[in-house]
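A.B. asks: Numbering (this note's numbering), first residue to last: 743 to 1022. We put the CB at the ideal spot given by N, CA and C, even for glycine.
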Amino acid sequence: MKFADIHVRDPFILVEDGKYYLYGTRGKGAWGTIYGVDVFVSDDLENWSEAHEVFAVPEDDNWTAHMWAPEVHKYNGNYYMFVTFNRPMNGTYILKSESPMGPFDFHSEGSITPVEWSSLDGTFYVEDGKPYMVFCHEWTQIKDGEICGVELSEDLSKPVGEPFFILRASEQPHVKGMGSDSFVTDGPFMFKNSDGKLLMIWSSFGALGYLEAIAYSEGGVKGPWKLSDKLLFEQDGGHGMIFKALDGSLKFICHQPNNSPNERPVLVDIEEKDGFLYRI
């Protein structure tokens, strides 16, 4: 199938063994109950396989929940899916497989995010040999959405210690509120540039709709973090990530527009310049 025919939100690409593996929130039913996660496979970013289910809700599970924003990362020879479930509070869980094609099974000891928090969109980052998950503390619970991080156990089965604060949505000047005091954080993704500077892209809402903002830290995942006044994407698209294509070029992928059922994955060429990321 063609890239434009894939219907997912929150796209994520794993590059492995000369292939591209695309995961995402199923577009059909994205705002209702979803019963699984699919992968699409390509050699060239243009021609893709049909959907292959890599995780399915167990048949004996009385599932009435939503799942979204799956990311798959390779770590210590296995593949780990970070995916948000609503059971009953939003939280990110970790699943595990020996293959990017699945099947993935539950791995973490419940939600990695605090059970009393409404949290979502966990992403993975390793710094100095220590694994971390960076995630969003939802605006629906605290109004001014935050991005936080937490250290993980070596086997990625549980959090180690308490979450630490990274940033809040209202601090980004391009972000517009959902009301007088409500600001969204979505979809963080970590990227270390060629100069060793740690960047984080994340999404919210601005004048043109959904957007992709940039923050940076010269002190590692725990910061201090600073917000760039430059946006990576602002035309009603976001919840993206960055990957290096097989030819060595940098790509940014997000979904656009941010309304259902019209959202589709969009690929954008980007480059590093002066320590930051820019669209080409």
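In three-state terms, what does DSSP make of I755?
C.D. replies: DSSP places I755 in strand when its eight states are reduced to three.
A.B. asks: Output the distance between the C-alpha atoms of Q883 and V876, rounded to the nearest integer angstrom.
C.D. replies: Q883 and V876: Cα-Cα distance of roughly 18 Å.
A.B. asks: Are the Cβ atoms of V796 and M809 separated by less than 7 Å?
C.D. replies: Contact flag unset, no.
A.B. asks: Where E880 and T865 are concerned, what is the direct C-alpha to C-alpha distance, given to the nearest angstrom?
C.D. replies: Each residue's Cα considered, the two are about 15 Å apart.
A.B. asks: Would you mind working out which of K1015, Y1020, V1010, F1018 sits nearest P753, comparing C-alpha positions?
C.D. replies: Selected option, being the one with the closest Cα: V1010.
A.B. asks: Helix or strand or just coil, what does DSSP make of A746?
C.D. replies: Reduced to three states, the DSSP call for A746 is helix.
A.B. asks: Quick test of your reading: W703 and G929, contact by CB under 8 Å. State the CB separation rounded to the nearest angstrom.
C.D. replies: It is not possible to answer for residue 703, since the shown part of the chain is limited to 743 through 1022.
A.B. asks: Decide if P842 is buried, meaning its Cβ has at least 16 other Cβ atoms within 10 Å, or exposed.
C.D. replies: Answer is buried; the Cβ neighbour count reaches 16.
A.B. asks: What is the DSSP secondary structure of A911, reduced to helix, strand or coil?
C.D. replies: DSSP places A911 in helix when its eight states are reduced to three.
A.B. asks: Using 8 Å as the cut-off, can you tell me whether the stretch 960 to 975 makes contact with the stretch 999 to 1006, which would need three or more C-beta pairs spanning the two stretches below that distance?
C.D. replies: Taking 8 Å as the limit for Cβ pairs, the verdict is that the stretch 999 to 1006 does not touch the stretch 960 to 975.
A.B. asks: Enumerate, from N- to C-terminal direction, the unbroken beta strand (DSSP E) stretches of 3 or more residues contained entirely within the stretch 932 to 963.
C.D. replies: Runs found: 940 to 948, 951 to 959.
A.B. asks: Can you look up T767 in the DSSP assignment and give me helix, strand or coil?
C.D. replies: Three-state result, T767: strand.
A.B. asks: If the criterion is Cβ atoms closer than 7 Å, does the pair F994 and G982 meet it?
C.D. replies: Result yes, Cβ atoms of F994 and G982 sit closer than 7 Å.
A.B. asks: Measure how close the beta-carbons of L941 and L992 come, nearest whole angstrom, since I'm counting them as under 8 Å.
C.D. replies: Wrong, their Cβ atoms sit about 12 Å apart, outside the cutoff.
A.B. asks: For Q998, does the three-state DSSP call read helix, strand or coil?
C.D. replies: Three-state DSSP puts Q998 in a strand.
A.B. asks: Would S1052 and E1014 be called neighbours here (beta carbons separated by less than 7 Å)?
C.D. replies: Lying outside 743 to 1022, the shown extent of the chain, residue 1052 is not represented and no answer is given.
A.B. asks: Is the number of C-beta pairs between the stretch 852 to 869 and the stretch 911 to 918 that are closer than 8 Å three or more?
C.D. replies: Contact between the stretch 852 to 869 and the stretch 911 to 918 is absent, because fewer than three Cβ pairs lie under 8 Å.
A.B. asks: Between G833 and the rest of its own chain, which residues show a CB-CB distance below 6 Å, the 5 nearest in sequence each way excluded?
C.D. replies: Cβ neighbours of G833 beyond the five flanking positions: S853, T855, S861.
A.B. asks: With a Cβ-Cβ cutoff of 7 Å, do P966 and I748 count as a contact?
C.D. replies: No; because the gap between Cβ atoms is not below 7 Å, this pair is not in contact.
A.B. asks: Determine, using beta carbons only, whether G948 and A911 come nearer to each other than 7 Å.
C.D. replies: No. Outside cutoff.
A.B. asks: On the DSSP letters alone, give me the boundaries of the beta strand (DSSP E) that T855 sits inside.
C.D. replies: Note, T855: premise wrong, no beta strand (DSSP E); not H, not E.
A.B. asks: For the alpha helix (DSSP H) containing W881, name the first residue and the last one.
C.D. replies: Element bounds for W881: 881 to 884.
A.B. asks: Looking only at DSSP bridge pairs, what is P1007 linked to?
C.D. replies: Per DSSP, H997.
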